[in-house]
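Note sheet for the following structure.
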Amino acid sequence: MCFALCFSFASSAQNNLPQLGKAPISAVIKAMTLEEKAALVVGKGFSIPGLSMGETDKSPDKITGISGHSVGIPRLGIPSLGFADGPAGIHKFMNAKDSADKLFTTAWPVGTLLASSWDTALVKKLGVAFGEEIKAFGIDFILGPGVNIHRNPLGGRNFEYYSEDPLVSGKTAAAIINGIQSQGVGATIKHFAANNQETNRMSVNTIVGERALREIYLRNFEIAIKGSQPWAVMSSYNLVNGTYTSESDDLLTTILRNEWRYKGFVMSDWFGGKDPVAQMKAGNNLIMPGTTAQVKAIVDAVKNGQLSEAVLNENVAGILKVMLQTPTFKRYQYSNHPDLKKHAEISREAAAESMVLLKNDAGVLPVTGTNKTIALFGNHGYDLIAGGTGSGDVSKAYAVSMAEGLTNAGYTLDKDLQQRYQSYLNDYEAKHPKKPLLQELLNPTPLAPEYTVDKSSVEQKAGASDLAIIYIGRNAGEGNDRKIADDYELTAQEKEMINNITDAFHAAHKPVIAVLNIGGVIDVAPLRDKADAILLAWQPGQEGGHAITDVLSGRVNPSGKLATTFPVSYNDEPSAKNFPGKEFPEKATTGMFGMKSIPAEVTYEEGIYVGYRYFNTFNVKPAYEFGYGLSYTSFGYSAVKLSAATFNNKLTASVTITNTGKVAGKEVVELYLSAPAKTMDKPSEELKAFAKTALLQPGKSEMITFTLTPSDLASYNTDASSWVAEAGSYTIKIGASSLNIKGTASFNLPKELVIEKDHKALSPQTGINELKPGK
Ligand code: BGC
Numbered sequence: 002m003c004f005a006l007c008f009s010f011a012s013s014a015q016n017n018l019p020q021l022g023k024a025p026i027s028a029v030i031k032a033m034t035l036e037e038k039a040a041l042v043v044g045k046g047f048s049i050p051g052l053s054m055g056e057t058d059k060s061p062d063k064i065t066g067i068s069g070h071s072v073g074i075p076r077l078g079i080p081s082l083g084f085a086d087g088p089a090g091i092h093k094f095m096n097a098k099d100s101a102d103k104l105f106t107t108a109w110p111v112g113t114l115l116a117s118s119w120d121t122a123l124v125k126k127l128g129v130a131f132g133e134e135i136k137a138f139g140i141d142f143i144l145g146p147g148v149n150i151h152r153n154p155l156g157g158r159n160f161e162y163y164s165e166d167p168l169v170s171g172k173t174a175a176a177i178i179n180g181i182q183s184q185g186v187g188a189t190i191k192h193f194a195a196n197n198q199e200t201n202r203m204s205v206n207t208i209v210g211e212r213a214l215r216e217i218y219l220r221n222f223e224i225a226i227k228g229s230q231p232w233a234v235m236s237s238y239n240l241v242n243g244t245y246t247s248e249s250d251d252l253l254t255t256i257l258r259n260e261w262r263y264k265g266f267v268m269s270d271w272f273g274g275k276d277p278v279a280q281m282k283a284g285n286n287l288i289m290p291g292t293t294a295q296v297k298a299i300v301d302a303v304k305n306g307q308l309s310e311a312v313l314n315e316n317v318a319g320i321l322k323v324m325l326q327t328p329t330f331k332r333y334q335y336s337n338h339p340d341l342k343k344h345a346e347i348s349r350e351a352a353a354e355s356m357v358l359l360k361n362d363a364g365v366l367p368v369t370g371t372n373k374t375i376a377l378f379g380n381h382g383y384d385l386i387a388g389g390t391g392s393g394d395v396s397k398a399y400a401v402s403m404a405e406g407l408t409n410a411g412y413t414l415d416k417d418l419q420q421r422y423q424s425y426l427n428d429y430e431a432k433h434p435k436k437p438l439l440q441e442l443l444n445p446t447p448l449a450p451e452y453t454v455d456k457s458s459v460e461q462k463a464g465a466s467d468l469a470i471i472y473i474g475r476n477a478g479e480g481n482d483r484k485i486a487d488d489y490e491l492t493a494q495e496k497e498m499i500n501n502i503t504d505a506f507h508a509a510h511k512p513v514i515a516v517l518n519i520g521g522v523i524d525v526a527p528l529r530d531k532a533d534a535i536l537l538a539w540q541p542g543q544e545g546g547h548a549i550t551d552v553l554s555g556r557v558n559p560s561g562k563l564a565t566t567f568p569v570s571y572n573d574e575p576s577a578k579n580f581p582g583k584e585f586p587e588k589a590t591t592g593m594f595g596m597k598s599i600p601a602e603v604t605y606e607e608g609i610y611v612g613y614r615y616f617n618t619f620n621v622k623p624a625y626e627f628g629y630g631l632s633y634t635s636f637g638y639s640a641v642k643l644s645a646a647t648f649n650n651k652l653t654a655s656v657t658i659t660n661t662g663k664v665a666g667k668e669v670v671e672l673y674l675s676a677p678a679k680t681m682d683k684p685s686e687e688l689k690a691f692a693k694t695a696l697l698q699p700g701k702s703e704m705i706t707f708t709l710t711p712s713d714l715a716s717y718n719t720d721a722s723s724w725v726a727e728a729g730s731y732t733i734k735i736g737a738s739s740l741n742i743k744g745t746a747s748f749n750l751p752k753e754l755v756i757e758k759d760h761k762a763l764s765p766q767t768g769i770n771e772l773k774p775g776k
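Residue numbers (the working numbering): 2 to 776.
Structure below.
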């Protein structure tokens, strides 16, 4: 596969020039011309089948159809590296079915589902398999994971991200990065930072307070980066407090490098930011995908003294240091044939282990015994939504629908319904063929409207089958946020379907189970009181139908818990009045792909009160709270035992979990901390640690021990730019969810601790009317 590349390596070593890997990096940089340095810090251009833009180097790409490459400088032994999307599997900008090589890749469960596992060992295992696959396809960097906080349910890319909580986000990201990178390929954590919406994504100025940044929107990255040292960080499209993140010295140098001691390099998001010279000065090493205008701007700036060559050299060195570890540099002979079968099994396992059982009245689940006839309603029961759209979409070979999953497990489906849905969907697809590549990426073909099964047919099915499944599907992706009507909220057809089915089946004393195949939070109110059971499958990857069936059948006992709150109503969301912000259409310019770019701003007035930090502190009852999820068994929690009553640098809290039910299961155990709120306002409690038990057989127990360190007690004091733990009484709350606390124990911190003094950075230019308890 790498003949061309190997040849160029061989021919480059003919002279006495310093070669990367043999000579010190400083010597290689010394031998580079100014033009070569500028070429290296600007990607090779955007080149996908049918569309090439801004190519800085017209040599053939190492791998066709991936998102980007860096420029190679063969005379110095510097290869061109390949960067491919995305967080839930490898994305190629071409349909693998139509490509000559037919190289399909594994679609893993999306980020939101993985985070619901609360199982870092499982996520790491998936990361290892993902890393093997990235390497097998000759790719150097995967453009993921995405860790941005779920600030608002309408965020179009929430499916790519993990959670509303920085600890769950950071730990999950660290686990997958450690897995991926254990295989000798790079992960790219993105989008750094405070990139929580898609509306005006390339121009929006996020106005956010320093405390909210430090505790929420940077904390997720900090935990992940310190816990895994990703090879690359991708800066985001948006501005933070007036500066593009890719041009922010505060963000990329002061915080990321100086405070967090990050050792890898930073790349921009595709066509992100405006000023390549400012990007260089800020420490955004690599500008992607790269244009000739950017190369010229950098060369000119060095020549006219606006950019010091030493700064350019530092950016080059950052890339070269990491490059030494890459498979391409090491001339790895990739096969293009990873073990897709094994990976499909891991994808299925991870999906099933992460799904969240939201409701299970009278134990209608699991559906034991396969001698049941099931009436499956809902388009997507026959057409799985494996993952979201845009660069987060995956070049998968197949997606197992729930209908297939049930059939493969031996259940009988109502054939008439199956046939009606199938022909409706085939017809829709024929009438709405997929658009050309880029148009589809920017403006995906809408999903088929829900097929309506008439009331009398529903009644007939209630007589003829043993149970009904109502399957609700949602999809979204980069470029657009979701809407409230007909997306966050259920459509009129869906509500009618729910009413008709629950009326008919309940009249016949038959249960109704709802399955949610969604990428972001939806309004569950119309379902909650009607369905007997609700399984949240999120977007489960290519094996979704099998994984859902594994849980419904009881082959897998559900153990996922919500990493994001489901509110009763959209307007209960603390960010609802500030999403997606204000636009300034009179200042519109032409942006990426000739699209209109409208300057905009969004103010995070909810401050640190994001997700459960808001719902719990302000006593707003959600539909399903953060950390919630049911099991087919039950668990007992012992009293919480602390290692000491006074905090002295470290403290442990232990609890013993016992399976008190009838089937084997795993329990996610969550540790929340309530801190004294004497001089600073505080959330009523914050998640500080979590763990998942092993599979416990009925009657079996496991002791879980959590360790708290000083930084777990601290909050960010903006005036002092410091992390401070107030003196006083702290309460540890250990529970099965953020509202279902099973035991508490208190300890005392005798004296205030200043844990870390940071720099004043990323300060907002205007005052923010931030939400505070009692205000
Ligand atoms: C997305 C990134 C992605 C990049 C390359 C951008 O539009 O925001 O997440 O990695 O494109 O495809």
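Backbone N, C-alpha and C fix where the C-beta goes; we use that ideal spot for every residue, glycine too. Since we're looking at a predicted model, the values are computed, not measured.
- Along the stretch 261 to 328, the alpha helix (DSSP H) occurs as fully enclosed runs of 4 or more residues at 277 to 283, 293 to 304 and 310 to 324, listed in sequence order.
- With a 10 Å radius around the Cβ and a threshold of 16 neighbouring Cβ atoms, Val-755 comes out exposed.
- A distance below 9 Å separates the beta carbons of Val-72 and Ala-40.
- Take the alpha-carbon of Val-169 and the one of Thr-706: they are about 18 Å apart.
- Assignment of Ile-609 by DSSP, reduced to helix, strand and coil, places it in the coil class.
- Straight across, the Cα-Cα distance linking Leu-366 with Lys-342 is about 29 Å.
- Within a 10 Å sphere around the beta-carbon of Gln-280 sit 16 or more other beta-carbons, which makes this residue buried.
- With contacts defined by Cβ atoms closer than 9 Å, Ser-739 and Glu-668 do not form a contacting pair.
- Looking at the DSSP output, Ala-376 shares a beta bridge with Ala-469.
- The C-beta of Arg-332 has fewer than 16 other C-beta atoms within 10 Å across all chains shown, which makes the residue exposed.
- With a contact defined as Cβ atoms closer than 8 Å, Glu-354 and Asp-120 qualify at about 7 Å.
- In this structure, Pro-146 is the residue among His-92, Pro-146, Phe-94 and Gly-775 with its C-alpha nearest to the C-alpha of Ala-116.
- Going by DSSP, Ala-676 is part of no alpha helix (DSSP H) at all; its letter is neither H nor E.
- The C-alpha of Ala-624 lies about 37 Å from the C-alpha of Gln-230.
- Rounded to whole angstroms, the Cβ separation of Tyr-613 and Glu-216 is 14 Å, and the two are not in contact under 8 Å.
- Secondary structure note for His-547: its alpha helix (DSSP H) is the uninterrupted segment 545 to 554.
- Secondary-structure assignment with DSSP links Gly-744 through a beta bridge to Ile-735.
- Under the three-state reduction of DSSP, Ile-79 is assigned to strand.
- Taken through DSSP and simplified to helix, strand or coil, Val-209 comes out as coil.
- Counting only runs of 3+ residues, the beta strand (DSSP E) found wholly inside the stretch 180 to 245 occupies 187 to 193, 205 to 208 and 233 to 236, in chain order.
- In the three-state reduction of the DSSP assignment, Glu-248 falls in the helix class.
- Pairing Asp-362 with Asn-620, the inter-Cα distance amounts to about 26 Å.
- In the three-state reduction of the DSSP assignment, Ser-458 falls in the helix class, which pools H, G and I.
- Take Ser-747, set aside five residues on each side of it, and the residues of its chain with a beta-carbon closer than 6 Å to its own are Ser-730 and Thr-732, in chain order.
- By DSSP's assignment, Ile-499 forms no beta bridge with any residue.
- Taking the C-beta atoms as reference points, Pro-19 is found no nearer than 9 Å to Thr-565.
- If you check the CB distance, Val-205 and Gln-198 come in under 9 Å.
- According to DSSP, residue pairing for Lys-562 in a beta bridge does not occur.
- Taking a 10 Å sphere around the C-beta of Asp-533, we find 16 or more other C-beta atoms and assign the residue as buried.
- Apart from the 5 residues on each side of it in sequence, Gly-132 sits with its Cβ closer than 7 Å to the Cβ of Gly-180, Ile-181, Gln-182, Ser-183, Gln-184 and Val-186 in its chain, given in chain order.
- A straight line joining the alpha-carbon of Ile-177 with that of Pro-765 spans about 33 Å.
- Put simply, the backbone Cα of Glu-757 is about 42 Å away from that of Glu-36.
- Assigned with DSSP and collapsed to three states, Lys-583 falls in strand.
- Pairing Gly-87 with Ser-392 gives a Cβ-Cβ distance under 9 Å.
- Residue burial annotation: Asp-530 is exposed, with fewer than 16 other C-beta atoms found within 10 angstroms of its C-beta.
- Around Gly-637, the same chain offers Thr-659 and Thr-661 as residues with beta carbons nearer than 6 Å, after the five sequence neighbours per side are excluded.
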